[in-house]
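Engineer:
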Amino acid sequence: MSTSTQAGPGAGNSDPYAAGDGYGTTDGKVFTVTGQDWDEVVAGLGEAGDAERIVVNMGPQHPSTHGVLRLILEIEGETVTEARCGIGYLHTGIEKNMEFRTWTQGVTFCTRMDYLSPFYNEMTYCLGVERLLGIEDGDDPVPEKAQVMRVLLMELNRISSHLVAIATGGMELGALTVMTIGFREREQVLDLFELITGLRMNHAFIRPGGVAQDLPDGSLDAVRDFVKLMRKRLPEITAMCNANPIFRGRLEGVGHLDLEGCLALGLTGPVLRSTGYPWDLRKTEPYSGYETYDFDVQTWDTCDSYGRFRIRMNEMFESLRIVEQCVGRLDKLVGAPVMVADKKIAWPSQLSVGSDGQGNSLEHIRHIMGESMEALIHHFKLVTEGFRVPPGQAYVPVESPRGELGAHVVSDGGTRPFRAHFRDPSFTNLQATSVMSEGGMIADVIVAIASIDPVMGGVDR
Amino acid sequence: MNAVSLPLVTGPSLDSFGLDTVWVVLLKAVLIFAVLVVLTLFNIWFERRVVARMQHRIGPNVNGPFGLLQSLADGVKLALKEDIIPTRADKVVFILAPIICVVPAFVTFAVIPFGPEVTIPFTDTVTPLQLTDMPVAVLFVMAIASIGIYGIVLGGWASGSTYSLLGGLRSSAQMISYEVAMGLALISVFLFAGSVSTSEIVAAQGDLWFGLILAPAFIIYVIAMVGETNRAPFDLPEAEGELVGGFHTEYSSLKFALFFLAEYINMVTVSALATTLFLGGWHAPFGIGAIWEGANEGYWPLLWFFGKVFFFMFIFVWLRGTLPRMRYDQFMDFGWKRLIPVALGWTVLVAVMRLITIEETFDRQSLLITLGVITGLLVVAMFVPSFGAARDEAETEEPDAPAKPAGAFPVPPMPATGAVRGAAPPLTFADSGPRPGPAQAEES
Numbered sequence: 001m002s003t004s005t006q007a008g009p010g011a012g013n014s015d016p017y018a019a020g021d022g023y024g025t026t027d028g029k030v031f032t033v034t035g036q037d038w039d040e041v042v043a044g045l046g047e048a049g050d051a052e053r054i055v056v057n058m059g060p061q062h063p064s065t066h067g068v069l070r071l072i073l074e075i076e077g078e079t080v081t082e083a084r085c086g087i088g089y090l091h092t093g094i095e096k097n098m099e100f101r102t103w104t105q106g107v108t109f110c111t112r113m114d115y116l117s118p119f120y121n122e123m124t125y126c127l128g129v130e131r132l133l134g135i136e137d138g139d140d141p142v143p144e145k146a147q148v149m150r151v152l153l154m155e156l157n158r159i160s161s162h163l164v165a166i167a168t169g170g171m172e173l174g175a176l177t178v179m180t181i182g183f184r185e186r187e188q189v190l191d192l193f194e195l196i197t198g199l200r201m202n203h204a205f206i207r208p209g210g211v212a213q214d215l216p217d218g219s220l221d222a223v224r225d226f227v228k229l230m231r232k233r234l235p236e237i238t239a240m241c242n243a244n245p246i247f248r249g250r251l252e253g254v255g256h257l258d259l260e261g262c263l264a265l266g267l268t269g270p271v272l273r274s275t276g277y278p279w280d281l282r283k284t285e286p287y288s289g290y291e292t293y294d295f296d297v298q299t300w301d302t303c304d305s306y307g308r309f310r311i312r313m314n315e316m317f318e319s320l321r322i323v324e325q326c327v328g329r330l331d332k333l334v335g336a337p338v339m340v341a342d343k344k345i346a347w348p349s350q351l352s353v354g355s356d357g358q359g360n361s362l363e364h365i366r367h368i369m370g371e372s373m374e375a376l377i378h379h380f381k382l383v384t385e386g387f388r389v390p391p392g393q394a395y396v397p398v399e400s401p402r403g404e405l406g407a408h409v410v411s412d413g414g415t416r417p418f419r420a421h422f423r424d425p426s427f428t429n430l431q432a433t434s435v436m437s438e439g440g441m442i443a444d445v446i447v448a449i450a451s452i453d454p455v456m457g458g459v460d461r
Numbered sequence: 001m002n003a004v005s006l007p008l009v010t011g012p013s014l015d016s017f018g019l020d021t022v023w024v025v026l027l028k029a030v031l032i033f034a035v036l037v038v039l040t041l042f043n044i045w046f047e048r049r050v051v052a053r054m055q056h057r058i059g060p061n062v063n064g065p066f067g068l069l070q071s072l073a074d075g076v077k078l079a080l081k082e083d084i085i086p087t088r089a090d091k092v093v094f095i096l097a098p099i100i101c102v103v104p105a106f107v108t109f110a111v112i113p114f115g116p117e118v119t120i121p122f123t124d125t126v127t128p129l130q131l132t133d134m135p136v137a138v139l140f141v142m143a144i145a146s147i148g149i150y151g152i153v154l155g156g157w158a159s160g161s162t163y164s165l166l167g168g169l170r171s172s173a174q175m176i177s178y179e180v181a182m183g184l185a186l187i188s189v190f191l192f193a194g195s196v197s198t199s200e201i202v203a204a205q206g207d208l209w210f211g212l213i214l215a216p217a218f219i220i221y222v223i224a225m226v227g228e229t230n231r232a233p234f235d236l237p238e239a240e241g242e243l244v245g246g247f248h249t250e251y252s253s254l255k256f257a258l259f260f261l262a263e264y265i266n267m268v269t270v271s272a273l274a275t276t277l278f279l280g281g282w283h284a285p286f287g288i289g290a291i292w293e294g295a296n297e298g299y300w301p302l303l304w305f306f307g308k309v310f311f312f313m314f315i316f317v318w319l320r321g322t323l324p325r326m327r328y329d330q331f332m333d334f335g336w337k338r339l340i341p342v343a344l345g346w347t348v349l350v351a352v353m354r355l356i357t358i359e360e361t362f363d364r365q366s367l368l369i370t371l372g373v374i375t376g377l378l379v380v381a382m383f384v385p386s387f388g389a390a391r392d393e394a395e396t397e398e399p400d401a402p403a404k405p406a407g408a409f410p411v412p413p414m415p416a417t418g419a420v421r422g423a424a425p426p427l428t429f430a431d432s433g434p435r436p437g438p439a440q441a442e443e444s
């Protein structure tokens, strides 16, 4: 972070991948800003003779950039004249890694991308793989219980993700109580996740063909208690924020982006719905039986951050409605299968909790080690090599809390993906940073980005 | 004394000052210093505990009884940290700034009255519980407090960093805007007390606090004092979410600790000033003085005084636990377009009322009733147009202008009902097959 009011040290060791020390266009010099090059940028600006320009490098280490987003702001006093974002600081090579693991193992990788909505990453990937496998429908489809469990987990996940969005957004506004309340409620959701999947985040629970485990005892009661609790607490958060004039004053009219802008930039999710256009993949392109649930698409008509905030609040209530319906269905599905019957796809073993912690069930171990040689071979082949997926490609998007999340999975007929590419809504939505924040104040940039709610793990993958 | 009525309790007047011997002065000065430092440690703990309660947390409770020693431990840790001076910083100013900030914070307390005249234990010396007083004591406080802001501005400028610079600039703008409102709020107090000396203002509030009869001035002062001390929701100079740390982004170790110390002492200072000017200073609250003769004598007033100061400290913490930060322009709007006009109007009103009372055109009762009505109206007027009037215009120019310019990006038709708030009707498509929307890339 530095000012650029004066020429700094001369441009030296330049990045071989950058576009050079700035090349001229009609609008002046263009700089490819990467890392460790601040002195060059400063020097270049000095040459251009704009001694009055102040360029602020906000991030990647900054309390309000949602992790490691880097913002390069040109400011005039408190007004932002230009805003650009730099990404790539959390690139982890997940997509490439997935090409070297089996189809089932891919879930373990992609769940870590958008770490606030892990089930959606797993879901869109698994839907793609299932379409390639041809087990979406047909004589051996993904069982109903698995579908309902997926919906249950996704909607719980939507609540937790929106809670974080509101909590961190509040924190960036200086409303620390909103932050602590948001995280307190999110903890309830994570406890449910822990109960059902064994992990609070990065679950790898939704697998091609179903889900990893059946529901543990008592989980539906826990979900019911949770819904009851949230029905009481969510209105409190709503009241606390909506009745607060400073909160409204900070959000209203900030980060304005209309329908045209959203479509031109490919924005989806709450940002798109804040323009009043009720685009929600759960309705327009249902998957996993969403067409059988009773819920509404929430929109707002202001195209601003406040609308997005209200949409997120309302969507949590809608998610609670869906969760209740899921619980009702799961009540009737006790003991039903949660994985396809095809033993060439379904993971052979089930987990159980033993005296030394969680592991493969002893019954299964006894079966493969003591009773059936064929079972051992089958287990070994499926676990180490994985199943084969017919060649082809598939893209099945889902409505993640941030917008359209899709996995383009390509198979060459092998046991590993030929390519798995994710269309992450955070990445696409982040394009709107410039149009949303230019012309506003520095404080508005923070609000606008918080209203996009980008998760850098999903942006960089 | 030109007060509303003769005060029930007469405190020390200006004549009581300037008589102390050197050792008494030294003793008082050292005591004030010690009290302020201890109070800062206590206030940090107090704030953390209270705000933790508000946020469903526990707060520091490990070090010492109730975690009281937590701030001491933090202070020691801070002092042991590496002291970094950035390369681009102006070294002299960079080092001077925290000192400029912290010294005035201590100095202002010299004129704050803690209590009436008392006998120093084990001696026969009788002295007011106040280091000194002067005919312009409140102006002295205002002047010295403004010097403290120089520390922030200079620190921000000398750091050689954009965030610090912006923080310093915001701070100077804040100081100018809110000191005007604050000063105007104080004028009515001066008019009623007939003095600018703190001890006489306290004495003038023997039977009725100025906070009650001058409620608008009190409210304006409380708002301005929050702005003056850079506390939420007016903590723009150190807006964590935007400017990282604002003016103290580049500061570390003891220099940072000095800024921190100054901020907390300033909170105590403005609270003490509010207590002195509006809540009757060290006088016992709730009519305790009328029931119990000794409440306003000896060292008891210290209890009332600090009780009132902690009431304000609680308000500070409460605000922080409740409100988000305002935006710079909203903050300036609020200061210049709301607070200052209201304060000006109020000052004129009070002056007129004061004149009428002195000329005795009305009796006192009708005056107080009139004042009460005006008080109510002013307070209502201050909050009726919620800030964000300029924002409303942005809202009215609604998103879906029907006629798009040629060449605009094509947009799909909106649902028949148009944009709605809340549950929207589902989208319908002409070819409503099982999978509407974009074509699927699918093969297998």
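Residue numbers (the working numbering), protein chains in the order written: chain A, 1 to 461; chain B, 1 to 444. Backbone N, C-alpha and C define an ideal beta-carbon position, used for all residues, glycine too.
Check the Cβ-Cβ distances between Thr162 of chain B and every residue of chain A, and say whether any is below 9 Å.
Structural biologist: One-based indexing of the second sequence puts residue 162 of chain B at position 162. With 9 Å as the cut-off, Thr162 of chain B counts as an interface residue toward chain A.
Engineer: Anything in chain B within Cβ reach of Gln462 of chain A, meaning under 8 Å, just list it in chain order.
Structural biologist: Summary: the structure shown does not reach residue 462 of chain A, with chain A confined to residues 1 through 461, and so no result is reported for it.
Engineer: Would Arg312 of chain A pass as a contact of Pro401 of chain A if the rule is Cβ separation under 9 Å?
Structural biologist: As a first step, residue 312 of chain A must be located in the first sequence, where it is residue number 312. As a first step, residue 401 of chain A must be located in the first sequence, where it is residue number 401. Against a cut-off of 9 Å, the Cβ pair of Pro401 of chain A and Arg312 of chain A comes out as a contact.
Engineer: Beta-carbon of His248 of chain B versus every beta-carbon of chain A: anything under 9 Å?
Structural biologist: On the second sequence, residue 248 of chain B is found 248 positions in, with the first residue counted as 1. Answer no: the Cβ-Cβ gap between His248 of chain B and chain A never drops below 9 Å.
Engineer: What separation, rounded to the nearest whole angstrom, lies between the Cα atoms of Thr87 of chain B and Glu438 of chain A?
Structural biologist: Mapped onto the second sequence, residue 87 of chain B falls at position 87. Mapped onto the first sequence, residue 438 of chain A falls at position 438. Roughly 31 Å separates the two Cα atoms.
Engineer: Using a cut-off of 9 Å between C-beta atoms, extract the partners of Tyr328 of chain B located in chain C.
Structural biologist: Note that chain C does not occur in the displayed structure, where the protein chains are A and B.
Engineer: If we require 4 or more residues per run, which alpha helix (DSSP H) segments fall completely within the region 113 to 175 of chain A?
Structural biologist: Runs of the alpha helix (DSSP H) inside the region 113 to 175 of chain A: 118 to 133 and 144 to 173.
Engineer: Does chain B have any CB closer than 9 Å to the CB of Gly307 of chain A?
Structural biologist: Position 307 of the first sequence, counted from the first residue, corresponds to residue 307 of chain A. Yes, Gly307 of chain A lies at the interface with chain B (some Cβ there is under 9 Å from its Cβ).
Engineer: Closer than 8 Å, Cβ to Cβ, to anything on chain B: give me those residues from the region 235 to 253 of chain A, in chain order.
Structural biologist: Of all residues in the region 235 to 253 of chain A, those with a C-beta nearer than 8 Å to a C-beta of chain B are Asn244, Pro245, Ile246, Phe247, Arg248, Gly249, Arg250, Glu252 and Gly253, reading in chain order.
Engineer: Going by C-alpha distance, which of B:Cys101, B:Thr269 and B:Leu344 is nearest Phe310 of chain B?
Structural biologist: For the purposes of this step, residue 310 of chain B is identified with residue 310 of the second sequence, where counting begins at 1. With distances taken between Cα atoms, Phe310 of chain B lies closest to B:Thr269.
Engineer: Drop a sphere of 10 angstroms on the beta-carbon of Arg273 of chain A, count the other beta-carbons inside from all chains shown, and report buried for 16 or more, exposed for fewer.
Structural biologist: As a working mapping, residue 273 of chain A is identified with position 273 in the first sequence. So Arg273 of chain A ends up on the buried side.
Engineer: Strictly below 8 Å CB to CB, what residues from chain A border Ala419 of chain B?
Structural biologist: Here the question's residue 419 of chain B lines up with position 419 in the second sequence. Per Cβ cutoff of 8 Å: Thr275, Gly276, Tyr277, Thr299, Trp300 and Asp301.
Engineer: If we cut at 9 Å on Cβ distances, does Phe449 of chain B have a partner in chain A?
Structural biologist: With chain B represented from 1 up to 444, any question about residue 449 of chain B goes unanswered, as that position is not in the structure.
Engineer: Below 8 Å between beta carbons is the criterion; list the residues of the region 99 to 130 of chain A that meet it against any residue of chain B, in chain order.
Structural biologist: Within the region 99 to 130 of chain A, no residue places its CB atom closer than 8 Å to a CB of chain B.
Engineer: What separation, rounded to the nearest whole angstrom, lies between the Cα atoms of Arg391 of chain B and Thr302 of chain A?
Structural biologist: On the second sequence, residue 391 of chain B is found 391 positions in, with the first residue counted as 1. On the first sequence, residue 302 of chain A is found 302 positions in, with the first residue counted as 1. The predicted model places Arg391 of chain B with a pLDDT of 46, which falls under 50 and marks its position as unreliable, so this point remains unresolved.
Engineer: If you count every other CB in all the chains shown that lies within 10 Å of the CB of Ile377 of chain A, and 16 or more means buried, which is it?
Structural biologist: The residue labelled residue 377 of chain A in the question sits at position 377 within the first sequence. Burial is judged here by how many other beta carbons sit within 10 angstroms of a residue's own beta carbon; Ile377 of chain A has fewer than 16 and is exposed.
Engineer: Considering only residues of the same chain and omitting the five flanking positions on each side of Val350 of chain B, which have a CB-CB separation below 6 Å?
Structural biologist: For the purposes of this step, residue 350 of chain B is taken as residue 350 along the second sequence, with counting starting at 1. Excluding residues within five positions, the ones whose Cβ falls inside 6 Å are Ser188 and Leu191.
Engineer: Can you find the residues in the same chain that come closer than 7 Å, C-beta to C-beta, to Leu371 of chain B, ignoring five residues on each side of it along the sequence?
Structural biologist: If you number the second sequence from 1, residue 371 of chain B lands on position 371. Contacts found: Ile213 and Met353.
Engineer: Counting only the same chain and skipping the five closest in sequence on each side, list residues whose C-beta sits under 7 Å from that of Leu69 of chain B.
Structural biologist: Numbered from its first residue, the second sequence carries residue 69 of chain B at position 69. These residues qualify, in order along the chain: Asn63.
Engineer: State the Cα-Cα distance for the pair Ser161 of chain A and Ser199 of chain B, rounded to the nearest angstrom.
Structural biologist: The residue you call residue 161 of chain A lines up with position 161 of the first sequence. The residue you call residue 199 of chain B lines up with position 199 of the second sequence. When rounded, the distance between both Cα atoms is 57 Å.
Engineer: Quickly, what does DSSP pair Arg423 of chain A with across the bridge? List them, please.
Structural biologist: One-based indexing of the first sequence puts residue 423 of chain A at position 423. BP columns for Arg423 of chain A point to A:Gly406.
Engineer: Report the residue from A:Thr92, A:Gly182, A:Phe205 and A:Arg184 whose alpha carbon sits nearest the alpha carbon of Phe193 of chain A.
Structural biologist: One-based indexing of the first sequence puts residue 193 of chain A at position 193. Taking the Cα of Phe193 of chain A as reference, the smallest distance to any Cα among A:Thr92, A:Gly182, A:Phe205 and A:Arg184 is reached at A:Phe205.
Engineer: Round the Cβ separation of His56 of chain B and Thr180 of chain A to the nearest angstrom and send it over; I've been treating them as touching at under 8 Å.
Structural biologist: Position 56 of the second sequence, counted from the first residue, corresponds to residue 56 of chain B. Position 180 of the first sequence, counted from the first residue, corresponds to residue 180 of chain A. At roughly 6 Å, the Cβ-Cβ gap stays under 8 Å, so His56 of chain B and Thr180 of chain A are in contact.
Engineer: Out of A:Leu195, A:Gln298, A:Tyr293 and A:Tyr287, state which residue places its alpha-carbon closest to the alpha-carbon of Trp279 of chain A.
Structural biologist: Your numbering for residue 279 of chain A matches position 279 in the first sequence. Nearest C-alpha to Trp279 of chain A: A:Gln298.
Engineer: In chain order, what residues of the region 166 to 181 of chain A put their CB closer than 9 Å to some CB of chain B?
Structural biologist: Gly170, Met171, Glu172, Leu173, Gly174, Ala175, Leu176, Thr177, Val178, Met179, Thr180 and Ile181
Engineer: Please confirm whether Ala343 of chain B has its beta-carbon closer than 9 Å to some beta-carbon of chain A.
Structural biologist: As a first step, residue 343 of chain B is located in the second sequence; it is residue number 343 there, counting from the start. Taking Cβ atoms only, chain A never reaches closer than 9 Å to Ala343 of chain B, which makes this a no.
Engineer: Anything in the region 111 to 131 of chain B with a Cβ closer than 7 Å to a Cβ of chain A? List those residues in chain order, please.
Structural biologist: none
Engineer: Could you check if Gln358 of chain A is buried or exposed, using at least 16 other CB atoms within 10 Å of its CB as the buried criterion?
Structural biologist: If you number the first sequence from 1, residue 358 of chain A lands on position 358. By the neighbour-count rule (16 or more Cβ atoms within 10 Å), Gln358 of chain A is not buried but exposed.
Engineer: For the alpha helix (DSSP H) holding Leu351 of chain A, just list the boundary residues, first then last.
Structural biologist: For the purposes of this step, residue 351 of chain A is taken as residue 351 along the first sequence, with counting starting at 1. Run containing Leu351 of chain A: none in the alpha helix (DSSP H); it sits in the beta strand (DSSP E), Leu351 to Gly354.
Engineer: Put Asn244 of chain A into one of helix, strand or coil per three-state DSSP.
Structural biologist: The count along the first sequence starts at 1 and reaches residue 244 of chain A at position 244. Note: Asn244 of chain A maps to coil in three-state DSSP.
Engineer: Kindly say whether Gln174 of chain B, judged by its beta-carbon, lies nearer than 9 Å to any beta-carbon of chain A.
Structural biologist: Within the second sequence, the letter at position 174 stands for residue 174 of chain B. Gln174 of chain B does not count as touching chain A.
Engineer: Just curious, the alpha helix (DSSP H) that Asn61 of chain B is in, first and last residue?
Structural biologist: On the second sequence, residue 61 of chain B is found 61 positions in, with the first residue counted as 1. Segment: none, Asn61 of chain B is in no alpha helix (DSSP H) and carries neither H nor E.
Engineer: By the 10 Å Cβ neighbour count, where 16 or more other Cβ atoms means buried, how is His91 of chain A classified, buried or exposed?
Structural biologist: The residue you call residue 91 of chain A lines up with position 91 of the first sequence. When all chains shown are included, His91 of chain A counts as exposed.
Engineer: Run the CB neighbour count on Ile446 of chain A, radius 10 Å, all protein chains shown included, and call it buried at 16 or more, exposed below.
Structural biologist: Translated into positions along the first sequence, residue 446 of chain A becomes position 446. That one is buried.
Engineer: At 4 residues or longer, what runs of the alpha helix (DSSP H) sit wholly inside the region 260 to 308 of chain A?
Structural biologist: As far as the region 260 to 308 of chain A is concerned, its whole alpha helix (DSSP H) runs of at least 4 residues are 270 to 273 and 281 to 284.
Engineer: Cα-Cα, which of A:Leu163, A:Gly170, A:Gly59 and A:Leu265 is closest to Val411 of chain B?
Structural biologist: The residue labelled residue 411 of chain B in the question sits at position 411 within the second sequence. The candidate whose alpha carbon is nearest that of Val411 of chain B is A:Leu265.
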